[in-house]
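Asks: Numbering (the working numbering), first residue to last: 82 to 195. We put the beta carbon where it would ideally sit given N, CA and C, even for glycine. Small disclaimer: the values here were computed from a predicted structure and weren't measured.
#1: Can you tell me whether DSSP reads residue 140 as helix, strand or coil?
#2: Can you tell me whether DSSP reads residue 191 as helix, strand or coil?
#3: Would residue 131 be called buried (16 or more neighbouring beta carbons within 10 Å of its own) or exposed?
#4: Comparing C-alpha positions only, which one of 129, 93, 175 and 137 sits nearest to residue 113?
#5: Which term fits residue 140, buried or exposed, when burial requires 16 or more other beta carbons within 10 angstroms of its beta carbon?
#6: What's the C-alpha gap between residue 85 and residue 105?
Below you can see the structure in the form of C-alpha cells.
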C-alpha cells in the first residue's frame, strides 16, 4: 500500500507541483484562492499543525491522506533530504495520486463502518 503511494509521490514531485511544510500548507488553505487538491500528513506531524490543517481542509473540502511513515520518509518519498511533515499537491502532473488518494479514503471509510 505504501509502496504505491511512494511511487506516485515521486512521479508527482518530478512532473507536478507541491507545497511543502505545515505553515505553507496552512497558508494555502487559508487563502482566498486555494490551490491544494490533496493534503498528505506524516504520522508524526506536530499535533498543533495537524489539527489546524485538518480543520481548514474540512472547511474547504480538501481531502487529507495520512502517510503511514514519519516526516523523514515523506521527505525522501518526494526526493528531499529533509523532514516534510505536511505537503499539498497543487498539480499532480503525470502521476495518478489523486485517484490513488480517492481509493485510500473510500477504503478507510468503508472499513470504519464495519
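Replies: The answer reads as follows:
#1: Numbered from its first residue, the chain shown carries residue 140 at position 59. Looking at residue 140 - three-state DSSP - the assignment turns out to be helix.
#2: By 1-based counting over the chain shown, the position of residue 191 is 110. Bear in mind that a pLDDT of 43 at residue 191, under 50, signals an unreliable position, so the model cannot answer this.
#3: Here residue 131 is taken as the residue at index 50 of the chain shown, counted from 1. Label assigned to residue 131: buried.
#4: Taking the chain shown and counting its residues from 1, the one referred to as residue 113 is at position 32. The residue with the shortest Cα to Cα distance from residue 113 is 137.
#5: Position 59 of the chain shown, counting from 1, holds the residue named residue 140. Burial call: exposed.
#6: Counting from 1 along the chain shown, the entry for residue 85 is found at position 4. Counting from 1 along the chain shown, the entry for residue 105 is found at position 24. Using only the alpha carbons, I get a separation of about 26 Å.
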